[in-house]
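Asks:
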Amino acid sequence: MITIGTRGSQLALAQAHWVKGQLESQGHSVTLQIIKTRGDVVQDRFDKMEGKGFFTKEIEDALLCQQIDLAVHSMKDLPTENPAGLVIAAIPPRENPLDLLVARTDIQALQSQKIIIGTSSLRRVECLKARFPQAEFSPIRGNVPTRLEKMARGEVDIVVLAQAGLNRLNIDLSEFHTWTPPLDVLVPAPAQGALALQVRENFDCDLAFLEDRSTRECVTAEREILAFLQGGCQLPLGVYVHSEGQNFRLHLFMGQGVRGRSRRFQVEAASVSACVQKAKEQLQEQ
0 MITIGTRGSQ LALAQAHWVK GQLESQGHSV TLQIIKTRGD VVQDRFDKME GKGFFTKEIE
60 DALLCQQIDL AVHSMKDLPT ENPAGLVIAA IPPRENPLDL LVARTDIQAL QSQKIIIGTS
120 SLRRVECLKA RFPQAEFSPI RGNVPTRLEK MARGEVDIVV LAQAGLNRLN IDLSEFHTWT
180 PPLDVLVPAP AQGALALQVR ENFDCDLAFL EDRSTRECVT AEREILAFLQ GGCQLPLGVY
240 VHSEGQNFRL HLFMGQGVRG RSRRFQVEAA SVSACVQKAK EQLQEQ
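Numbering (numbering that gives the first Met the number 0), first residue to last: 0 to 285.
1. Between the Cα of residue 172 and the Cα atoms of 151, 223, 276, which residue gives the shortest distance?
2. Can you tell me where the alpha helix (DSSP H) holding residue 271 begins and where it ends?
3. Is the beta carbon of residue 122 less than 9 Å from the beta carbon of residue 4?
4. So which of 22, 111, 218, 273 has the shortest CA-CA distance to residue 73?
5. State the Cα-Cα distance for the pair residue 84 and residue 36, rounded to the nearest angstrom.
6. Leaving out five residues before and five after residue 155 in sequence, what residues of the same chain have Cβ atoms less than 7 Å from its Cβ?
7. If we count the other Cβ atoms within 10 Å of its Cβ and call it buried at 16 or more, is residue 181 buried or exposed?
8. Looking only at DSSP bridge pairs, what is residue 267 linked to?
9. Using the Cβ count rule (16 or more neighbours within 10 Å means buried), how would you classify residue 200?
10. Mind pulling the beta strand (DSSP E) runs of 3 or more residues that sit fully within the segment 37 to 107?
11. When burial is assigned at 16 or more other CB atoms within 10 Å of the CB, is residue 27 buried or exposed?
12. With 16 as the cutoff for other CB atoms within 10 Å, does residue 50 come out buried or exposed?
13. Can you look up residue 117 in the DSSP assignment and give me helix, strand or coil?
14. Run through the segment 115 to 193 for me and flag every whole alpha helix (DSSP H) of 4 or more residues, listed as ranges in chain order.
15. Which same chain residues, not among the five before or five after residue 278, have their C-beta less than 7 Å away from its C-beta?
16. Which residues share a DSSP beta bridge with residue 238?
17. What residue range is occupied by the uninterrupted beta strand (DSSP E) comprising residue 4?
18. Give a yes or no on whether the C-beta atoms belonging to residue 9 and residue 32 are separated by under 9 Å.
19. Could you give the distance in angstroms between the alpha-carbon of residue 269 and the alpha-carbon of residue 216?
20. If you draw a straight line from the C-alpha of residue 48 to the C-alpha of residue 145, how long is it?
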């Protein structure tokens, strides 16, 4: 029997059930164990909370104590340093990593109006300020359906959500207006849209069939930039690496909270590692 540890949100459970189904298709018996994390309990804004691993530490502790055998994380929530004794055994194919704006009315018409945009992400706030100069940004917590309900009730005019979560929950947005900001407007968080399957080093179940090499290469590069800037998941930082023809492209947005001023750039190179090196060189130039 393999015990999977997961948070109790609808999205976390959907992700864990997907992994459960994959393992069962290989003949394994699997059960789920819900674990509450600090991020689930404390309702403060993330930028007001100290430390890292708000949604992962308690699950990692359960792994280390052998209460569970496998943890399913949203990889963007994981600190860049893996605890001793634990490894990321597999990173499945990445879902859509981009953000989506959802509203009751046409979003383009709202750009010059005094509106309220619901998001608790400093990255999203700093990226969207230029496109919505009259907007007020209001912190919004809760799972994906809860945030959509708050927007539908008029508590905010626009809510910003990760497309990966919407896809994994198969949420119907046909009654709303949506807009996917291009990368020159809103850069995803490092590893957004990717899952991380974390186990103890001595775990004896082969998870290689769930591994996507390209996803691992790109999200590892994004997290390398995050580590280079000594940041956590609450940092106003967007990094996204993807293939483009025969080359790779790295998009970066760095908010004022990182090094005192906002920066945005992209680099292209023949390899992911070369993109990372170019990005680090540009970051060191300031």
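Idealized CB from N, CA, C, for every residue including glycine.
Replies: Short version:
1. 151
2. 271 to 284
3. no
4. Answer by Cα proximity: 218.
5. 20 Å
6. 115, 116, 117, 137, 139, 149
7. exposed
8. 248
9. exposed
10. As far as the segment 37 to 107 is concerned, its whole beta strand (DSSP E) runs of at least 3 residues are 69 to 73, 85 to 89, 98 to 102.
11. The residue is exposed, with fewer than 16 neighbouring Cβ atoms inside 10 Å.
12. In this predicted model, residue 50 has a pLDDT of only 48, less than 50, meaning its place in the structure is not dependable enough to derive any value.
13. Three-state DSSP puts residue 117 in a strand.
14. 121 to 127, 143 to 151, 162 to 168
15. Beyond the five residues adjoining it in sequence on each side, residue 278 comes within less than 7 Å, by CB distance, of 224, 249, 251, 266 in the same chain, given in chain order.
16. Among the bridge pairs identified by DSSP, residue 238 is matched with 251.
17. 1 to 5 is the extent of the beta strand (DSSP E) around residue 4.
18. no
19. 14 Å
20. Because residue 48 carries a pLDDT of 47, less than 50, the predicted location of this residue cannot be relied on, and no value is offered for it.
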